[in-house]
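Asks: One structure coming up, written as structure tokens, with questions to follow.
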Amino acid sequence: MDVYRELYRRSIAEPEAFWAEAATSVTWDRDPVRVLDSGRPPFHRWFPDAAINTCRNALDRHVEAGHGARTALIHDSPVTGTTSSVSYAQLLDVTARFAGVLRGLGVGKGDRVVISMPMVPQAVIAMLACARIGAVHSVVFGGFAAKELAVRIDDARPKVVVSASCGIEASRVIPYKPMLDEALRLAHHTPERCVILQRPQAPADLGDRDLDWDEATAAAEPADCVTVAAADPLYILYTSGTTGRPKGVVRDNGGHAVALAWSMRHIYGIDPGDVWWAASDVGWVVGHSYIVYAPLIAGATTVIYEGKPVGTPDAGAFWRVIAEHDVKALFTAPTAIRAIKKEDPEGALFAQYGVSSLRSLFLAGERLDTDTYAWATGVLGVPVVDNWWQTETGWPITAAPRGVDGVALRPGSPGVPMPGYDLRILDPAGNECAPGQDGAVVLGLPLPPGALPTLWQDDERYVASYLSQYPGYYLTGDGGHVDEDGYVFVTGRIDDVINVAGHRLSTGVIEEVVASHPDVAECAVIAVPDELKGQVPRALAVLKAGAETTPDRLEREIVAEVRGQVGAVASLKQVTVVPALPKTRSGKILRAAMRDIADGRDTPTPATVEDPAVLDALRRTLRPQP
Ligand code: COA
Ligand code: AMP
0 MDVYRELYRR SIAEPEAFWA EAATSVTWDR DPVRVLDSGR PPFHRWFPDA AINTCRNALD
60 RHVEAGHGAR TALIHDSPVT GTTSSVSYAQ LLDVTARFAG VLRGLGVGKG DRVVISMPMV
120 PQAVIAMLAC ARIGAVHSVV FGGFAAKELA VRIDDARPKV VVSASCGIEA SRVIPYKPML
180 DEALRLAHHT PERCVILQRP QAPADLGDRD LDWDEATAAA EPADCVTVAA ADPLYILYTS
240 GTTGRPKGVV RDNGGHAVAL AWSMRHIYGI DPGDVWWAAS DVGWVVGHSY IVYAPLIAGA
300 TTVIYEGKPV GTPDAGAFWR VIAEHDVKAL FTAPTAIRAI KKEDPEGALF AQYGVSSLRS
360 LFLAGERLDT DTYAWATGVL GVPVVDNWWQ TETGWPITAA PRGVDGVALR PGSPGVPMPG
420 YDLRILDPAG NECAPGQDGA VVLGLPLPPG ALPTLWQDDE RYVASYLSQY PGYYLTGDGG
480 HVDEDGYVFV TGRIDDVINV AGHRLSTGVI EEVVASHPDV AECAVIAVPD ELKGQVPRAL
540 AVLKAGAETT PDRLEREIVA EVRGQVGAVA SLKQVTVVPA LPKTRSGKIL RAAMRDIADG
600 RDTPTPATVE DPAVLDALRR TLRPQP
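Position one of the sequence shown corresponds to residue 0 (numbering that gives the first Met the number 0), numbered consecutively onward.
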């Protein structure tokens with residue numbers, strides 16, 4: 000561990016020297032002189048006097064260095080039965096053209112563009128095109144319903160929305176355009192134009208506000224890179240908080256490029272020309288960082304996969320992609336591996352597809368259970384590397400880095416803290432916990448480059464959500480401990496954020512929908528364990544006096560309503576009618592106690608509980624069946 004320990008020590012003791020050195024791996028429009036501006040605590044800005052263009056770092060500089068013919072992106076789409084690839088030179092050409100389309104629509108530095116796209120190369124092109132002209136993109140995951148898209152449109156106030164006519168899920172084609180139209184009907188903000196990629200599976204009717212992607216691009220003049228300040232925003236990515244209102248996580252340009260370049264080389268062990276595959280979605284942070292920006296900044300080849308881990312053609316779908324494109328490292332969520340393991344428990348398909356290029360499997364997005372870890376290690380025969388982080392940080396907080404000597408894998412732990420993350424475990428009084436003792440996982444300020452500088456136009460909420468509970472520290476929202484050797488163990492969220500198949504959701508947003516049902520007096524949504532998805536939401540509803548519904552009908556109606564208002568991805572399937580919800584004497588609903596019961600943990604009845612009989616009744620209802 001000596002090499003790692005020295006590297007980490009230096010990053011905490013001498014952060015400016017550490018990151019100034021890391022900063023030499025990116026191409027600046029104006030080199031940084033100052034590394035960190037801490038003049039307005041608790042806000043910190045990395046590379047405050049530098050200028051950069053992220054798209055130049057992802058594309059132009061590789062072409063200028065003579066690597067234009069190298070494959071930049073492979074689109075593998077079993078749902079459409081197509082595979083295609085583009086070189087760096089080709090990706091630069093189409094990106095510059097699309098940047099020209101946006102510029103022609105009046106989009107300039109600092110203007111927002113909302114992107115809601117399926118897993119097609121145009122999603123990457125649209126993101127890079129925004130970066131190219133200094134516009135701020137906000138990608139919204141396609142699995143959210145119109146209302147969620149509307150909320151994000153209202154917060155980001157985009158000049159232009161970029162979308163596609165449809166997405167293609169395993170079993171059905173999902174028209175996106177009606178959803179976009181509905182979102183724009185619900186939103187108070189009206190974007191000036193929408194650019195729509197027409198897909199043959201379900202072409203859309205275009206209205207006055209809409210432009211056809213292909214037609215607009217064919218007519219466009221390519222746009223060059225616009226220099227922006229390193230601290231200017233590159234994107235906003237909305238993520239679930241504990242309330243129904245999503246948080247707009249801001250990412251800057253300079254710190255982000257530096258951190259991602261460092262992580263690609265040192266955590267993931269990826270060099271220029273390597274083929275890398277992050278099987279996630281561009282709508283999530285894993286997609287932003289490791290489908291789009293990090294592999295391209297590193298000069299690697301990124302695979303963009305439009306499909307599921309099982310089904311097309313079988314549970315060897317991932318192995319086929321790896322074998323066909325010589326993928327060196329795969330990054331996905333444990334849930335995808337569980338889905339494969341369920342269909343092919345012996346892992347026979349891995350050998351059948353003849354995978355030989357794979358060197359590592361990286362897993363993140365949710366807790367990696369030991370069964371999945373053991374299965375993947377046994378079947379794949381490569382290191383299986385858990386890494387823990389979140390939308391806010393943009394890159395791993397902990398990992399067992401592949402490109403740093405001496406950090407062995409420790410099953411059950413997502414590794415050791417990465418440079419710049421001054422990780423501590425605090426008890427409720429703010430004292431540091433002893434090794435092995437669980438507490439809140441917090442990070443000392445300043446956070447390293449790449450992590451969020453604030454929330455979009457909401458410094459106050461940034462401070463209230465993350466920095467106020469333990470002054471001087473950023474609250475991750477996760478609980479856990481550190482062992483004697485410095486390995487971190489993450490036990491799960493200690494707030495009301497839940498994680499369903501690697502998708503982060505707020506119980507608050509689902510509760511709002513459940514509570515709006517006319518027969519529901521009050522409700523709580525908690526996460527319960529699920530064999531495939533890790534967790535799934537479960538709603539507990541107390542009926543209004545005199546409500547004449549049946550439990551089945553109530554469940555059917557609420558499930559449909561959550562699907563319609565939050566999106567299919569919420570995966571709410573279970574609504575349980577309960578006589579009452581356990582509360583403290585001051586009336587606060589005891590969600591933590593309900594979570595414990597649903598997880599099968601027999602916690603003592605809290606001294607503050609209003610009526611212990613309510614908790615007993617819940618124990619009988621919620622206790623997992625053997
Ligand atoms: N657009 C529209 N709908 C979408 C969507 C999208 N981009 N993504 C998911 N959905 C829909 C699905 O079709 C599904 O609908 P259904 O209820 O009609 O079947 C629903 O949302 C739930 O999707 P999902 O949570 O993905 O469950 P699943 O049963 O379809 O698949 C897994 C389960 C495990 C195979 C899948 O979640 C997976 O591959 N996960 C990989 C991990 C991952 O991507 N994590 C992201 C962070 S790293
Ligand atoms: P997201 O912001 O969508 O990436 O979700 C972040 C949350 O997912 C974290 O706060 C954790 O609760 C959970 N998470 C992500 N990676 C891991 C991991 N490797 N182990 C345990 N939990 C994880």
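In this text, a Cβ means the ideal position worked out from N, Cα and C, and glycines have one as well.
(1) Assign Thr94 to one of three DSSP states: helix, strand, or coil.
(2) Indicate the three-state DSSP secondary structure (helix, strand or coil) for Arg44 in the structure shown.
(3) Taking Val100 as the reference, which of Thr82, Val119, Ile124, Tyr87 has the closest Cα?
(4) Can you check which of these residues, Ala316, Asp437, Ala433, Pro427, is closest to Gly80 by C-alpha distance?
(5) Suppose you measure from the CA of Ile525 to the CA of Pro517; what does that come to, to the nearest Å?
(6) Work out the CA separation of Leu183 and Ala128 for me, nearest whole Å.
(7) Beta carbon of Gly240: closer than 8 Å to some heavy atom of ligand 1?
(8) Cβ atoms of Ile296 and Ala57: under 9 Å apart, would you say?
(9) Can you give, in chain order, each stretch of the beta strand (DSSP E) that sits fully within the region 471-496 and has at least 3 residues?
(10) Name the two residues that bound the continuous beta strand (DSSP E) containing Asp595.
(11) Could you say which of Pro581, Gly501, Leu553 lies nearest to Ala606 if we only look at CA atoms?
(12) Spatial neighbours of Thr53 within its chain, please: CB distance less than 6 Å, with the 5 preceding and 5 following residues excluded, ordered by chain position.
(13) Does at least one heavy atom of ligand 1 sit under 8 Å from the Cβ of Leu91?
(14) Closer than 8 Å to a non-hydrogen atom of ligand 2 - does that hold for the CB of Gly99?
(15) Taking its Cβ as the centre, do 16 or more other Cβ atoms sit within 10 Å of Arg584, making it buried, or is it exposed?
(16) What do you reckon, are the CB atoms on Thr331 and Pro312 nearer than 9 Å?
(17) Could you check where the beta strand (DSSP E) with Trp276 kicks off and where it finishes?
(18) Answer yes if the region 283-291 comes into contact with the region 413-424, meaning at least three C-beta pairs across the two stretches below 8 Å, and no otherwise.
(19) Below 8 Å CB to CB, which residues in the same chain sit around Thr82 once its five sequence neighbours on both sides are set aside?
(20) Quick one: does the C-beta of Asp313 sit closer than 8 Å to a heavy atom of ligand 1?
(21) Might you give, ordered along the chain, the residues of its own chain that have their beta carbon closer than 6 Å to the beta carbon of Asp595, omitting 5 neighbours on each side?
(22) If you draw a straight line from the C-alpha of Asp551 to the C-alpha of Gln573, how long is it?
(23) Of all the options Phe17, Ala230, Ala597, Glu609, which has the alpha carbon lying nearest to the alpha carbon of Asp36?
(24) Where do the N-terminal and C-terminal ends of the beta strand (DSSP E) with Tyr7 fall, by residue?
(25) So for Thr620, helix, strand or coil by DSSP?
(26) With a cut-off of 8 Å, do at least 3 Cβ pairs link the region 105-120 to the region 147-157?
(27) Look at the Cβ atom of Pro271, then the Cβ atom of Arg69, and state whether they are nearer than 9 Å.
(28) Which complete alpha helix (DSSP H) runs does the region 105-156 hold, if anything under 4 residues is left out?
(29) Among Ile336, Val354, Tyr461, Gly306, whose alpha-carbon lies nearest the alpha-carbon of Val172?
(30) Using only the heavy atoms of ligand 1, determine whether one of them is closer than 8 Å to the beta carbon of Asp494.
(31) Does DSSP put Arg552 in a helix, in a strand, or in coil?
(32) Decide if Gly107 is buried, meaning its Cβ has at least 16 other Cβ atoms within 10 Å, or exposed.
(33) Val384: which of Ser356, Pro333, Lys587 sits nearest, CA to CA?
(34) Does the beta-carbon distance from Ala443 to Asp280 come in below 9 Å?
(35) With C-beta atoms as the reference, is Tyr87 less than 9 Å away from Gly105?
(36) Excluding the 5 residues preceding and the 5 following Val249 in the sequence, name in chain order all residues of the same chain whose CB lies nearer than 7 Å to its CB.
Replies: The structure says:
(1) When DSSP states are grouped into helix, strand and coil, Thr94 belongs to the helix group.
(2) Three-state DSSP puts Arg44 in a strand.
(3) Val100 has its Cα closest to that of Ile124, out of Thr82, Val119, Ile124, Tyr87.
(4) Cα-wise, what sits closest to Gly80 is Ala316.
(5) Their Cα atoms are separated by approximately 21 Å.
(6) Roughly 23 Å between the two C-alpha positions.
(7) Not one heavy atom of ligand 1 falls within 8 Å of the beta-carbon of Gly240.
(8) Yes. Within cutoff.
(9) As far as the region 471-496 is concerned, its whole beta strand (DSSP E) runs of at least 3 residues are 472-481, 487-492.
(10) No beta strand (DSSP E) contains Asp595, which is instead part of the alpha helix (DSSP H) from 590-597.
(11) Considering only alpha carbons, the answer is Pro581.
(12) Ala130, Leu233, Asn252, Ala256, listed in sequence order.
(13) No - ligand 1 has no heavy atom lying nearer than 8 Å to the Cβ of Leu91.
(14) False, no ligand heavy atom lies under 8 Å from that Cβ.
(15) Exposed.
(16) Going by C-beta atoms, Thr331 is not nearer than 9 Å to Pro312.
(17) Here the beta strand (DSSP E) through Trp276 covers 274-277.
(18) Under the Cβ criterion (8 Å, minimum of three pairs), the region 413-424 does not count as touching the region 283-291.
(19) Excluding sequence positions up to five before and after Thr82, its CB lies within less than 8 Å of the CB of Ile73, His74, Asp75, Ser76, Glu323, all in the same chain and listed in chain order.
(20) Relative to ligand 1, the beta carbon of Asp313 is positioned no closer than 8 Å to any heavy atom.
(21) Non-local beta-carbon contacts of Asp595 in its own chain, meaning distances under 6 Å to residues more than five positions away in sequence, involve Thr602 in chain order.
(22) Approximately 10 Å between the Cα atoms of the pair.
(23) Of the candidates Phe17, Ala230, Ala597, Glu609, Ala230 places its Cα closest to the Cα of Asp36.
(24) Taken as a continuous stretch (DSSP letters only), Tyr7 belongs to no beta strand (DSSP E), being part of the alpha helix (DSSP H) at 1-12.
(25) Thr620: helix per DSSP, three-state reduction.
(26) Enough Cβ pairs lie closer than 8 Å, so yes.
(27) It is a contact, given that the beta carbons lie within the stated cut-off.
(28) 120-132, 145-155, all fully within the region 105-156.
(29) Out of Ile336, Val354, Tyr461, Gly306, Gly306 has the C-alpha closest to the C-alpha of Val172.
(30) Shortest gap from the CB of Asp494 to any heavy atom of ligand 1: 8 Å or more.
(31) Residue state, collapsed to three classes: helix.
(32) Classification for Gly107: exposed.
(33) Answer by Cα proximity: Pro333.
(34) In the sequence under discussion, the amino acid at residue 443 is Gly, which differs from the Ala named in the question. Using a Cβ distance threshold of 9 Å, Gly443 and Asp280 do not count as a contacting pair.
(35) No, Cβ-Cβ distance for Tyr87 and Gly105 is not below 9 Å.
(36) Closer than 7 Å at the Cβ level, and outside the excluded window around Val249, lie Pro232, Ile235, Leu451, Pro452, Thr453, Leu454, Trp455.
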